[in-house]
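Participant: Input: one structure, supplied below.
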Amino acid sequence: MKTKAASLPYAVWTFIFIVVPLAMVAYFAFIDEAGHFTLENVSSVGQYTPVLARSIWLAAIATVICLVIAYPLSYLLSRMHVGRQKVFLMLVMLPMWMNFLLRTYAWMTLLERNGLINRFFALFGLGPFEMINTQGAVVLGMVYNYLPFMILPLYSIMVKIDNRTIEAAQDLGANSYHVFSKVVLPLSVPGITTGITMVFVPAVSTFIISRMLGGGGNLLIGDLIDLQFLGNAYNPNLGAAISLVLMVLILLCMSIMNQFDNDEGMEGALL
Amino acid sequence: MKKLTAALLAALLLLLFAVPAFAEIEVEDESYYQKFKGQGISINVYNWGEYISDGAEEGTINVNKEFEDLTGIKVNYSTFASNEELYAKLKSGGANYDIIIPSDYMIGRMIKENMLEPLNFENIPAFKNISSQFVNPIYDPDNAYSVPYTWGTVGIIYNTTMVDGDVDSWDILWDARYMGDILMFANSRDAFAIAQKRLGYSFNTGNPDELEKAAESLKEQKPLVQAYVMDEIFDKMQAGEAALAPYYAGDAITMIADNPDLAFAVPREGTNRFVDAICIPKGSQQQEAAEMYINFLCEPEVGLANCEYIGYSTPNDAAMELLDDEMRNNPIAYPSEEVLQNTETFLSLDDDANKLMDKLWTDIMSTNEGTNQWLIPVFLVLCIVASITINVVRRIRKKRDSMY
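If you read the protein sequences in the order shown, they are chains A and B. Per the UniProt record's numbering, the first sequence starts with residue 1, numbered consecutively. Per the UniProt record's numbering, the second sequence starts with residue 1, numbered consecutively.
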C-alpha cells in the first residue's frame, strides 16, 4: 500500500505530461479544422512517403555507424582501470554540456566550403570537397550528436560483465572469436537494444540537423512536422497525423527491439 | 595591504556604478507618460529577435529600460523567429501578449481572423511622425490595427568577386553558371514570391496554375541551389560561401559593412516591399499601457535608435530627419521612387492557396532523389514479419528447452 502511495506523484506526472499529450496528438490527427472526425489527415500522410523513407534510411545508417563506433569503445572502456573509466566517461559526456544547436552550428563552420577542414586539405592542394548540404553531413550530425546515447547503455551493461566469465571461457578453450560471440555479445545484447532505440528514435525525428547541415533541401520527417506548425498553412491536424504515423513506426521498432531483449533474457536465466 | 586592495576595489566599483549607464531620452510630452507610474503595471512585448535597440553598444540606448524608467511600467520582453511562429503561438492560446510586431501579410491574416485589437489613436499622439505613405496601408486599409515599425525591400545580395556583370534580374538565381553558389529562402512564401515575380505574376494571387508554374520553376532551380536557409545567409555570404542570395535590404547593409565585396541589387521584375508593424493582440489586459509603449516607439529619438540598431528603414519621418546623411541617402535602405513603384506588399492568401503552396513546397523539398514509393510499405511488412519470426522462434526454442 505504501509503495502505491509513493508512486502516485509519478503516476500523475506520467498521466498529465505523457498520456494526455499523446492522446491529444491522436485526437488532433483524426479531426479537421472544424473539429469533425476525418480520416483525411492520416491518409494524406501517404504522399510524404519519400520523406518518411529518407528519414528512416538516414536514421538507420546513423544508428549502425553509432553502434560500430560505440561497441568496441564501450568494451575497451569497461575493461579499463576504474579511475580511467571515469575520466573517459567524462570525455564522452563532455560535448553534451554544450547546447545541441551550438554543437551542430560548429559542424557547419567545419564542413563549409571555406571551412576549417577544406582549408586544411587546401594546404596539400586537395579539395575543396563538397561536404556540407549533403545527406552525408546530415548523417554525420546525427552520429555526432547521438553517439553518447549509444555508448552509455553499452558501457553500463559491459561493466557488469565479470572478467572471470571471460577467463572461464578462455580456460575452457574458447578462442577470442568464440569468447566474443558466445560470451561478450550475448551478455551485451540488452545494451545494444537500448542503445539502438536511444539513437534511432531521436535521429528519425530530428529536424534541425537536416536544416543546418543538409541545406534544407533534404527534408526529413521532423522538418515536415515543423512545417505544418510553423509553415505557411498552419495545419496542426496534418502535423498531428504525421506525428502519429511516426510514433506508430517508432513503437513498432521498439517492440521488435524488446523481443530481442526478452529472448536473450530468457537464455541468460536458463544458464 | 589586503585592506588597501579591498578599499581600492570598492572605490573602483563605486566609480563604475556612479557613471549613469543610460542616456536620457527626449520625449515630446513627458506628462503623458506619467499616468501609470507607481501602479506596478507590466506589459508583455513579443518582437523579432535583434529588433530593438538594447543599449549593448556604447552611446546607444536601451529602449525597454528607458520606457520603464520613464513610465514605471515593467516590460516583459520576448522574441520570435518568424511570423508563422507568432501566429501559431497566438492561435494555440495560452499566450498573453500586449504588443506584437508581425509583418504585413500576417497582420492582414490576423485582422481577417479577428485576432487584433483596434488601436485607440488618441493615446498615440506620436503617430503623426509616421510618414503619410505608410498610413492606411493595403494590409490594414483603415489603419485601425497597426502602427508601422520598420520597412524594407527584398533584393539579391551578391559577391562581386564571384559574379560577373550586373545583377538586375531574378533570372540570375536560375543561372547554371552559379550552380552550387546560390542560396535560397527556406520560407515557402518568400521563395514562391521570387519565382512568381520572375515569371511576371503577382505574389498575392492564389491562382493554382500560377502557383504550380512557380513550383515547377523552383524545382528547376533546385539543382543549382547550395542550401535553403534564412538567417544563415548572414554567415554564409559574409564568409564567401555562396555567390548569390535573396535577402532583406536592411541586413544587406549590415553584411556589406562587414564584407565590402558584397553588393545589393533590386531586380527589375519587381520585388517585395515588407512592412513590420506594431499591433495589440486580442486579449491584451493592458491596452492603454501598450498604446503608451507604441507611442514611445514612435518618438523620434527612439525611432532613430531602433532604426540605427536594426539597420532596416524607418517609416518615421521625424526619426529620419535625425538620421545621418550617409544612411538617409543610401539607395539600398531608401530606394528611389522608381524602384518603389515596382514593388508589391505581401497580402494574406486564402487558406486553400496557403495549403497548396505548402504542399508544393514539400514536393520541391523532397524530390531530389527518386526514392521508391514502395519502400515504406515494404519496410512495414518486413518489420511485422521480423516481429512474428522472433516470436515463433522463441516459442519453438521454449518447447525444445522444456523437453530436457
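Every residue, glycine too, gets a C-beta built ideally from N, C-alpha and C. Source: prediction; values computed, not measured.
Closest Cβ-Cβ distance between residue 87(B) and chain A: below 9 Å?
Facilitator: Position 87 of the second sequence, counted from the start, is the residue given in the question as residue 87(B). Chain A, which has a Cβ nearer than 9 Å to the Cβ of residue 87(B), makes this yes.
Participant: Where residue 154(B) and residue 141(B) are concerned, what is the direct C-alpha to C-alpha distance, given to the nearest angstrom?
Facilitator: Your numbering for residue 154(B) matches position 154 in the second sequence. Your numbering for residue 141(B) matches position 141 in the second sequence. Using only the alpha carbons, I get a separation of about 23 Å.
Participant: Residues bridged to residue 264(B) by DSSP?
Facilitator: In the second sequence, the residue the question calls residue 264(B) occupies position 264. 157(B), per the DSSP bridge assignment.
Participant: So for residue 219(A), helix, strand or coil by DSSP?
Facilitator: Residue 219(A) sits at position 219 when you count from the first residue of the first sequence. Coil.
Participant: From residue 28(B) to residue 299(B), what distance separates their C-alpha atoms?
Facilitator: The sequence position of residue 28(B) within the second sequence is 28, counting from 1. The sequence position of residue 299(B) within the second sequence is 299, counting from 1. In this model, residue 28(B) and residue 299(B) are separated by some 7 Å (Cα to Cα).
Participant: Report yes or no: is there a C-beta of chain A within less than 9 Å of the C-beta of residue 78(B)?
Facilitator: Taking the first residue of the second sequence as 1, we reach residue 78(B) at position 78. Cβ-Cβ to chain A under 9 Å: no for residue 78(B).
Participant: So, is residue 22(B) buried or exposed, given that buried needs 16 or more other C-beta atoms within 10 angstroms?
Facilitator: For the purposes of this step, residue 22(B) is identified with residue 22 of the second sequence, where counting begins at 1. Because the pLDDT at residue 22(B) is just 47, under 50, the model does not fix this residue reliably, and the point stays unresolved.
Participant: What does the alpha-carbon distance come out to for the pair residue 44(B) and residue 130(B)?
Facilitator: Residue 44(B) sits at position 44 when you count from the first residue of the second sequence. Residue 130(B) sits at position 130 when you count from the first residue of the second sequence. If I take the Cα positions, the gap works out to 24 Å.
Participant: Between residue 123(B) and residue 199(B), what straight-line distance do the alpha-carbon atoms span, to the nearest angstrom?
Facilitator: For the purposes of this step, residue 123(B) is taken as residue 123 along the second sequence, with counting starting at 1. For the purposes of this step, residue 199(B) is taken as residue 199 along the second sequence, with counting starting at 1. Their Cα atoms are separated by approximately 45 Å.
Participant: Are residue 208(A) and residue 104(A) close, meaning C-beta to C-beta below 9 Å?
Facilitator: Residue mapping note: residue 208(A) aligns to position 208 of the first sequence, counting from 1. Residue mapping note: residue 104(A) aligns to position 104 of the first sequence, counting from 1. The answer is yes: Cβ separation under 9 Å.
Participant: Applying the 10 Å Cβ sphere with the 16-neighbour rule, what's the burial state of residue 396(B)?
Facilitator: Mapped onto the second sequence, residue 396(B) falls at position 396. By the 10 Å Cβ count, residue 396(B) comes out exposed.
Participant: Just how far apart, CA to CA, sit residue 371(B) and residue 398(B)?
Facilitator: Residue 371(B) sits at position 371 when you count from the first residue of the second sequence. Residue 398(B) sits at position 398 when you count from the first residue of the second sequence. Note that residue 371(B) has pLDDT 48, beneath the 50 cutoff, so the model's placement of it is unreliable and no number is given.
Participant: How is residue 183(B) classed by DSSP in three states: helix, strand or coil?
Facilitator: Residue mapping note: residue 183(B) aligns to position 183 of the second sequence, counting from 1. Here residue 183(B) sits in strand by DSSP.
Participant: Between which two residues does the beta strand (DSSP E) carrying residue 148(A) extend?
Facilitator: Counting from 1 along the first sequence, the entry for residue 148(A) is found at position 148. Note, residue 148(A): premise wrong, no beta strand (DSSP E); alpha helix (DSSP H) at 135-158.
Participant: Go ahead and label residue 175(A) buried or exposed: buried means 16 or more other beta carbons lie within 10 angstroms of its beta carbon, across all protein chains shown.
Facilitator: Working through the first sequence from its first residue, we reach residue 175(A) at position 175. Exposed is the call here.
Participant: Count the other C-beta atoms from every protein chain shown that fall within 10 angstroms of the C-beta of residue 358(B), then say buried if there are 16 or more, exposed otherwise.
Facilitator: In the second sequence, residue 358(B) corresponds to position 358, counting from 1. Its Cβ being crowded by 16 or more others within 10 Å, residue 358(B) is buried.
Participant: Are the CB atoms of residue 334(B) and residue 415(B) within a distance shorter than 9 Å?
Facilitator: The question about residue 415(B) has no answer, for chain B in this structure spans 1 to 404.
Participant: Give the residues of chain A in contact with residue 222(B), contact being defined as C-beta atoms less than 9 Å apart.
Facilitator: Here residue 222(B) refers to the residue found at position 222 of the second sequence. Within 9 Å Cβ-Cβ: 217.
Participant: Quick one: any contact between the stretch 78-98 of chain A and the stretch 194-210 of chain B, if contact means 3 or more CB pairs under 8 Å?
Facilitator: no
Participant: Identify whether residue 45(A) lies in helix, strand or coil by the three-state DSSP scheme.
Facilitator: Here residue 45(A) refers to the residue found at position 45 when the first sequence is read from its first residue. Residue state, collapsed to three classes: helix.
Participant: In terms of residue numbering, what span does the beta strand (DSSP E) encompassing residue 78(B) cover?
Facilitator: What you label residue 78(B) is simply residue 78 of the second sequence in a count that begins at 1. Taken as a continuous stretch (DSSP letters only), the beta strand (DSSP E) holding residue 78(B) covers 74-80.
Participant: Check the Cβ of residue 321(B) against every Cβ in chain A and list those closer than 8 Å, keeping chain order.
Facilitator: In the second sequence, residue 321(B) corresponds to position 321, counting from 1. Result: empty, since nearest Cβ-Cβ is about 38 Å, beyond 8 Å.
Participant: Please return the same chain residues whose Cβ sits closer than 7 Å to the Cβ of residue 223(A), not counting the five positions on each side in sequence.
Facilitator: Along the first sequence, read from residue 1 onward, the residue named residue 223(A) stands at position 223. 207, 210 and 211.
Participant: Can you confirm whether residue 362(B), when its beta carbon is compared against all beta carbons of chain A, has any partner nearer than 9 Å?
Facilitator: As a first step, residue 362(B) must be located in the second sequence, where it is residue number 362. Residue 362(B) counts as touching chain A.
Participant: Measuring straight from C-alpha to C-alpha, what distance separates residue 219(B) and residue 364(B)?
Facilitator: Here the question's residue 219(B) lines up with position 219 in the second sequence. Here the question's residue 364(B) lines up with position 364 in the second sequence. Spanning the two alpha carbons is a distance of roughly 6 Å.
Participant: I need the straight-line Cα distance from residue 184(A) to residue 77(A), nearest angstrom please.
Facilitator: To locate residue 184(A), count along the first sequence from 1; it is residue 184. To locate residue 77(A), count along the first sequence from 1; it is residue 77. C-alpha separation (whole angstroms): 14 Å.
Participant: Can you say whether residue 93(B) is buried or exposed, counting buried as having 16 or more other CB atoms within 10 angstroms of its CB?
Facilitator: The count along the second sequence starts at 1 and reaches residue 93(B) at position 93. Exposed is the call here.
Participant: Got a sec: is the Cβ-Cβ distance from residue 48(A) to anything in chain B below 9 Å?
Facilitator: As a first step, residue 48(A) is located in the first sequence; it is residue number 48 there, counting from the start. Chain B contact via Cβ: present.
Participant: State the start and end residues of the unbroken beta strand (DSSP E) segment that holds residue 42(B).
Facilitator: The residue labelled residue 42(B) in the question sits at position 42 within the second sequence. 42-48 is the span of the beta strand (DSSP E), which, as asked, contains residue 42(B).
Participant: Can we say the stretch 57-68 of chain B touches the stretch 94-102 of chain B, given the rule of at least three CB pairs closer than 8 Å?
Facilitator: no
Participant: In angstroms with no decimal places, state the Cα-to-Cα distance between residue 29(A) and residue 245(A).
Facilitator: As a working note, residue 29(A) is residue 29 in the first sequence. As a working note, residue 245(A) is residue 245 in the first sequence. Cα-Cα distance, rounded: 10 Å.
Participant: In whole angstroms, what separates the C-alpha of residue 241(B) from that of residue 113(A)?
Facilitator: Numbered from 1 along the second sequence, position 241 holds the residue referred to as residue 241(B). Numbered from 1 along the first sequence, position 113 holds the residue referred to as residue 113(A). Rounded to whole angstroms, residue 241(B) to residue 113(A) spans 6 Å at the Cα level.
Participant: Quick one: is residue 97(A) buried, meaning 16 or more other Cβ sit within 10 Å of its Cβ, or exposed?
Facilitator: Position 97 of the first sequence holds residue 97(A). Burial call: exposed.
Participant: Could you work out which residue in 309(B), 232(B), 277(B) and 281(B) is closest to residue 58(B) when comparing CA atoms only?
Facilitator: Counting from one through the second sequence, the residue named residue 58(B) turns up at place 58. The shortest C-alpha separation from residue 58(B) is found at 309(B).
Participant: Do residue 46(B) and residue 345(B) have their C-beta atoms within less than 9 Å of each other?
Facilitator: Here residue 46(B) is taken as the residue at index 46 of the second sequence, counted from 1. Here residue 345(B) is taken as the residue at index 345 of the second sequence, counted from 1. No, these two residues do not count as a Cβ contact at 9 Å.
Participant: I'd like the span of the alpha helix (DSSP H) that includes residue 32(B), first residue to last.
Facilitator: Stepping through the second sequence from its first residue, residue 32(B) is reached at position 32. Residue 32(B) -> no alpha helix (DSSP H), and no H or E assigned at all.
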